[in-house]
Amino acid sequence: MTPIAGLLGKLIDEVSAEKRRNHEERMKIIAMISDSKLRDAYVHQLLLNQFFLDSSENAQYTLQNAAKHSQWLAEAINYYHQDHGATKEQGEQISRELRLLAVKISKIASLDELKVVYEAATLFTDKLSRFRHREHKYSLEHEIRHGILNPLNDCIAIENNLQRRVALTLLGENINLKFLEEA
Numbered sequence: 102m103t104p105i106a107g108l109l110g111k112l113i114d115e116v117s118a119e120k121r122r123n124h125e126e127r128m129k130i131i132a133m134i135s136d137s138k139l140r141d142a143y144v145h146q147l148l149l150n151q152f153f154l155d156s157s158e159n160a161q162y163t164l165q166n167a168a169k170h171s172q173w174l175a176e177a178i179n180y181y182h183q184d185h186g187a188t189k190e191q192g193e194q195i196s197r198e199l200r201l202l203a204v205k206i207s208k209i210a211s212l213d214e215l216k217v218v219y220e221a222a223t224l225f226t227d228k229l230s231r232f233r234h235r236e237h238k239y240s241l242e243h244e245i246r247h248g249i250l251n252p253l254n255d256c257i258a259i260e261n262n263l264q265r266r267v268a269l270t271l272l273g274e275n276i277n278l279k280f281l282e283e284a
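This is how it looks when you write it as structure tokens:
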């Protein structure tokens with residue numbers, strides 16, 4: 102049985118380490134790309150991954166609501182831990198982890214950070230799935246998925262689509278520039 106205390110932090114560390122390795126690989130790719138226009142487009146995509154949320158009010162609103170839901174769940178599990186088959190101590194630990202998740206969600210500032218928190222929250226939910234309420238609609242797993250994971254996933258999807266449109270625009274500009282240079 103996996104201990105609950107510190108679980109979310111461990112999961113975030115694991116996911117972050119993987120993201121760092123991926124980032125280092127991307128930096129190596131940038132160094133290898135000799136075409137400056139392709140390199141510029143690739144760097145632009147990396148920058149979009151790093152700094153998108155500051156300008157997206159809807160994403161900020163959605164993230165803050167997900168953080169509030171995590172806080173609400175933390176309070177609820179403290180009072181109703183027995184209904185989920187958890188001891189008082191386990192309920193307190195789950196509550197602390199959910200509050201930490203709320204803090205992590207409220208500090209998200211980039212698509213990369215959002216993806217790290219989403220992945221860690223998904224793994225965290227999997228670990229909490231052993232605590233089951235008699236009614237599915239009150240289960241921790243259902244509440245986390247409905248009130249936290251689904252909204253985070255919506256933010257990821259919206260921003261990924263935005264990045265694709267920007268990438269296509271950049272690609273179109275590069276193609277147009279090549280046609281102009283050839284003319």
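Sequential numbering from 102 applies to the sequence shown in the numbering used here.
From the three backbone atoms N, C-alpha and C, an ideal C-beta is built for every residue, glycine too.
Cα-Cα separation between residue i and residue j, rounded to whole angstroms
i    : j    : result
L229 : L241 : 7 Å
L201 : A175 : 10 Å
K189 : N123 : 40 Å
K279 : D141 : Interpretation of K279 is limited by its pLDDT of 49, a score under 50 that renders its predicted location unreliable; the figure taken from the coordinates is listed afterwards. Approximately 15 Å between the Cα atoms of the pair.
I113 : E214 : 10 Å
V116 : G107 : 14 Å
P252 : A132 : 36 Å
K216 : A118 : 13 Å
H185 : R235 : 8 Å
L281 : E126 : Since pLDDT at L281 reaches only 44, below the 50 mark, its modelled position is unreliable, and the value read off the structure follows with that caveat. If you take the alpha carbons of L281 and E126, they lie about 34 Å apart.
H243 : E193 : 19 Å
Y162 : A210 : 12 Å
Y219 : K120 : 13 Å
K111 : K169 : 22 Å
K208 : H247 : 20 Å
L224 : Q183 : 23 Å
R197 : H237 : 23 Å
N254 : N179 : 27 Å
Y181 : A221 : 24 Å
M128 : Y239 : 45 Å
Contact check, residue i vs residue j, beta carbons under 8 Å
i    : j    : result
L212 : S171 : no
I245 : T226 : yes
C256 : L164 : yes
F232 : A187 : yes
Beta-carbon separation (whole angstroms), residue i vs residue j, contact threshold 8 Å
i    : j    : result
A160 : I259 : 7 Å
A167 : I206 : 5 Å
I105 : Q191 : 6 Å
#### Entry: Secondary structure, beta strand (DSSP E): runs of 3+ residues fully inside the segment 190-249
none
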